[in-house]
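*Asks:* Just dropping this structure here.
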Amino acid sequence: MKLRALNKPALKTIKSEDGDIIDCVDIYQQPAFDHPALRFHKIQMKPSVELGLKKISSPNNGFSKPVTTQTWSKSGRCPVGTIPIRRVSREDISRASSPSSFGRKTPHIHNILEKAHQHKTNFRSNYLGAQSDINIWNPPVQKGDYSSAQMWLLDSEMTESIEAGWMVNPRVFGDSLTRFFAYWTNDAYRKTGCINLLCSGFVQTSTHLALGAAIKPISSTSHEQYHITVKIYRDPQSGNWWLSTHDIVFGYWPSAILKHLQQSATVVQWGGEVYSSNVRKKPHTKTPMGSGQWPAQLWGKACFHTNIKIQDASMQLKDPPPLVEFSDEGYCYTTKFHQETNKSEPYLFFGGPGQGPLCP
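Taken in order, the sequence shown gives residues 15 to 374; the numbers are from this note's numbering.
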């Protein structure tokens, strides 16, 4: 039943060279509309306001290339009126602890035991959007774990969250590829929300990009660096929250599935996350965060966020106010805010190797 609900009838199927099967599904038949609050929802095909990316014009301590295409698109395109959805297999669902938990993060009440976060945070204001360039890596993830580099927008109670970035998550995807993801919850990860389109909620409008698709190429130590630009912003007319990458719109989280985030976000976070049943335990998980290198290694070795911006009521992307650093396992993963000169773009380097001499 779960499999049938996720895999909607395809008008066209594309087999990708990386092993994914992409189904081109009628935009009006996508999983979003199985949500009770969206049964009579009218799709907003594009944002009411077009907001371009904030470009970096100041000198940086390196150059990173944007990744704007997905591997599956080499093998074909979805026709107009359809959206590309990565097909879910029976094996994918069988790896979850239960069908109902497939594609979900664990509740925040278990964070202290199961998740390690490293990020910079902007607290207690009204934010209508945020963006960053997220450096792309492929950390080796242990069985049952996941590792992500991402951005969060949350309400003041931390119960509602909309998120996007990249992750390596073998339990959900069945492989160790780095994949683009989006996430939402309106009850602190307890019973609502999921990754990508693995439950009803997120409304996809893009014909060209698939949530959960693999990202290539990947950065390598002391060699070429790559990034994805992720932007989330609230539509001033509909109240929907749009997700885009490199000015290509994926779709939106409808205001109807949110409560506290309907008007604005109160907290914005940039950083990374590791989930494991062996966080804050000995032996600690060996799953790295980011590139697996300590942030002090800086450019070309450590994973980073840069081009970090927030959007306020002016509808302009701006540099955020001073950020607060948070590392809940600083001996396993940590952060470093770095700026070459007063005129250069700041970088948030983050991550770490997991288990090691400092993290037994």
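No residue lacks a Cβ here, since even glycine has one placed at the ideal position from N, Cα and C.
What is the DSSP secondary structure of Ala24, counted as helix, strand or coil?
*Replies:* Position 10 of the sequence shown, counting from 1, holds the residue named residue 24. The answer is strand: DSSP assigns Ala24 an E or B state.
*Asks:* Assuming Thr348 and Gly366 make a contact with CB atoms under 8 angstroms, what is their CB distance in whole Å?
*Replies:* Position 334 of the sequence shown, counted from the first residue, corresponds to residue 348. Position 352 of the sequence shown, counted from the first residue, corresponds to residue 366. Rounded, the Cβ-Cβ distance is 6 angstroms, consistent with contact.
*Asks:* Return yes when the Cβ of Gly285 is within less than 7 angstroms of the Cβ of Phe364, no when it is not.
*Replies:* To locate residue 364, count along the sequence shown from 1; it is residue 350. To locate residue 285, count along the sequence shown from 1; it is residue 271. Closer than 7 angstroms, so yes.
*Asks:* With distances taken from CA atoms, which of Ser214, Ser220, Glu174, Lys315 is nearest His260?
*Replies:* Looking up residue 260 in the sequence shown gives position 246. Closest option to His260, Cα to Cα, is Ser220.
*Asks:* In whole angstroms, what separates the C-alpha of Trp256 from that of Tyr266?
*Replies:* Looking up residue 256 in the sequence shown gives position 242. Looking up residue 266 in the sequence shown gives position 252. Taking the straight line from one Cα to the other gives about 4 angstroms.
*Asks:* Bridge partners of Gln239, per DSSP?
*Replies:* Mapped onto the sequence shown, residue 239 falls at position 225. Its beta-bridge partners are Ser78.
*Asks:* How is the beta strand (DSSP E) around Arg193 delimited, first residue to last?
*Replies:* For the purposes of this step, residue 193 is taken as residue 179 along the sequence shown, with counting starting at 1. Here the beta strand (DSSP E) through Arg193 covers 193-199.
*Asks:* Within the continuous beta strand (DSSP E) that includes Glu177, where are the two ends?
*Replies:* Here residue 177 is taken as the residue at index 163 of the sequence shown, counted from 1. Element bounds for Glu177: 175-182.
*Asks:* Going by DSSP, what residues sit across from Leu225 in a beta bridge?
*Replies:* For the purposes of this step, residue 225 is identified with residue 211 of the sequence shown, where counting begins at 1. Partner(s): none; Leu225 has no beta bridge.
*Asks:* Under the rule that 16 or more other beta-carbon atoms within 10 Å means buried, what is Leu372, buried or exposed?
*Replies:* Residue 372 sits at position 358 when you count from the first residue of the sequence shown. Per the 10 Å Cβ criterion, exposed.
*Asks:* Can you find the residues in the same chain that come closer than 6 angstroms, C-beta to C-beta, to Arg118, ignoring five residues on each side of it along the sequence?
*Replies:* Position 104 of the sequence shown holds residue 118. Cys208, listed in sequence order.
*Asks:* Only counting runs of 4 or more residues, tell me where the alpha helix (DSSP H) segments fall wholly within the region 264-338, in order along the chain.
*Replies:* Entirely contained in the region 264-338, not one alpha helix (DSSP H) run reaches 4 residues.
*Asks:* Which of the three DSSP states is assigned to Leu168 in this structure?
*Replies:* For the purposes of this step, residue 168 is identified with residue 154 of the sequence shown, where counting begins at 1. Residue state, collapsed to three classes: strand.
*Asks:* So which of Leu25, Gln84, Pro61, Ser87 has the shortest CA-CA distance to Thr96?
*Replies:* Working through the sequence shown from its first residue, we reach residue 96 at position 82. Nearest of Leu25, Gln84, Pro61, Ser87 to Thr96, Cα basis: Leu25.
*Asks:* Write down the C-beta distance between Met181 and Tyr203 rounded to the nearest angstrom, noting that I regard them as a contact closer than 8 angstroms.
*Replies:* In the sequence shown, the residue the question calls residue 181 occupies position 167. In the sequence shown, the residue the question calls residue 203 occupies position 189. At roughly 15 angstroms, the Cβ-Cβ gap does not stay under 8 angstroms, so Met181 and Tyr203 are not in contact.
*Asks:* To the nearest angstrom, how far is the alpha carbon of Glu354 from that of Asp201?
*Replies:* What you label residue 354 is simply residue 340 of the sequence shown in a count that begins at 1. What you label residue 201 is simply residue 187 of the sequence shown in a count that begins at 1. Those two C-alpha atoms are separated by around 40 angstroms.
*Asks:* Considering only C-alpha positions, which residue in the set Val281, Lys29, Pro250, Pro50 is nearest to Gly90?
*Replies:* For the purposes of this step, residue 90 is identified with residue 76 of the sequence shown, where counting begins at 1. Among Val281, Lys29, Pro250, Pro50, the Cα nearest to that of Gly90 belongs to Lys29.
*Asks:* For Asn140, collect the residues of the same chain with a Cβ closer than 8 angstroms to its Cβ; drop the 5 residues on either side in sequence, then sort them by chain order.
*Replies:* As a first step, residue 140 is located in the sequence shown; it is residue number 126 there, counting from the start. The answer, listed in chain order, is Gln277, Ser278, Ala279, Thr280, Asp326, Ala327.
*Asks:* Quick check on the burial criterion: 16 or more other C-beta atoms within 10 angstroms. Buried or exposed for Tyr386?
*Replies:* As shown, the chain starts at 15 and ends at 374. That puts residue 386 outside it, with no answer to give.
*Asks:* Just tell me which of Arg185, Glu64, Leu52, Lys60 has its CA closest to the CA of Ser111.
*Replies:* Start at 1 with the first residue of the sequence shown, and residue 111 comes out as number 97. Considering only alpha carbons, the answer is Arg185.
*Asks:* Assuming the contact rule is C-beta atoms closer than 8 angstroms, Ser78 and Tyr240 should be a hit. Round their C-beta distance to whole Å, please.
*Replies:* As a first step, residue 78 is located in the sequence shown; it is residue number 64 there, counting from the start. As a first step, residue 240 is located in the sequence shown; it is residue number 226 there, counting from the start. Contact flag correct, Cβ pair sits at about 6 angstroms.
*Asks:* Suppose the cutoff is 8 angstroms on Cβ atoms and the five residues either side in sequence are ignored; what does the same chain contact list for Ala19 look like?
*Replies:* If you number the sequence shown from 1, residue 19 lands on position 5. The answer, listed in chain order, is Pro45, Asp48.
*Asks:* Hey, how far is the Cα of Ile57 from the Cα of Ala224?
*Replies:* Here residue 57 refers to the residue found at position 43 of the sequence shown. Here residue 224 refers to the residue found at position 210 of the sequence shown. Ile57 and Ala224: Cα-Cα distance of roughly 18 angstroms.
*Asks:* By DSSP's criteria, Leu257 is part of a beta bridge. Which residues make up the other side?
*Replies:* Within the sequence shown, the letter at position 243 stands for residue 257. Its beta-bridge partners are Ile246, Gly265.
*Asks:* Just to confirm, are Val244 and Ala178 a CB contact at a threshold of 7 angstroms?
*Replies:* Against the sequence shown, residue 244 aligns to sequence position 230. Against the sequence shown, residue 178 aligns to sequence position 164. Cβ distance < 7 angstroms, so Val244 and Ala178 count as in contact.
*Asks:* Under the rule that 16 or more other beta-carbon atoms within 10 Å means buried, what is Asp34, buried or exposed?
*Replies:* Translated into positions along the sequence shown, residue 34 becomes position 20. Buried, by the Cβ-count rule.
*Asks:* Which residues does DSSP pair with Cys213 in a beta bridge?
*Replies:* Residue 213 sits at position 199 when you count from the first residue of the sequence shown. According to DSSP, Cys213 bridges with nothing at all.
*Asks:* Which residue wins for smallest C-alpha separation from Tyr197, given the options Gly188, Ser190, Ser175?
*Replies:* Counting from 1 along the sequence shown, the entry for residue 197 is found at position 183. Measuring from the Cα of Tyr197, the nearest candidate turns out to be Ser175.
*Asks:* Could you compute how far the alpha carbon of Gln218 sits from the alpha carbon of Pro268?
*Replies:* Position 204 of the sequence shown, counted from the start, is the residue given in the question as residue 218. Position 254 of the sequence shown, counted from the start, is the residue given in the question as residue 268. When rounded, the distance between both Cα atoms is 10 angstroms.
*Asks:* Within its chain, find whatever has a CB closer than 6 angstroms to the CB of Asp37; leave out the 5 residues flanking it on each side and keep chain order.
*Replies:* Residue mapping note: residue 37 aligns to position 23 of the sequence shown, counting from 1. Cβ within range, chain order: Ala24, Thr27, Ile99, Arg101.
*Asks:* Measure from the alpha carbon of Trp308 to the alpha carbon of each residue in Pro154, Pro374, Lys350, then state which is nearest.
*Replies:* Residue 308 sits at position 294 when you count from the first residue of the sequence shown. Closest by alpha carbon: Lys350.
*Asks:* Taking Cβ positions, are Ser233 and Asn149 nearer each other than 7 angstroms?
*Replies:* Here the question's residue 233 lines up with position 219 in the sequence shown. Here the question's residue 149 lines up with position 135 in the sequence shown. Closer than 7 angstroms, so yes.
*Asks:* Looking only at its own chain, which residues have a Cβ that is under 7 angstroms from the Cβ of His298, when we skip the five neighbours before and after it?
*Replies:* To locate residue 298, count along the sequence shown from 1; it is residue 284. Cβ within range, chain order: Asn292, Cys346, Gly368, Gln369, Cys373, Pro374.
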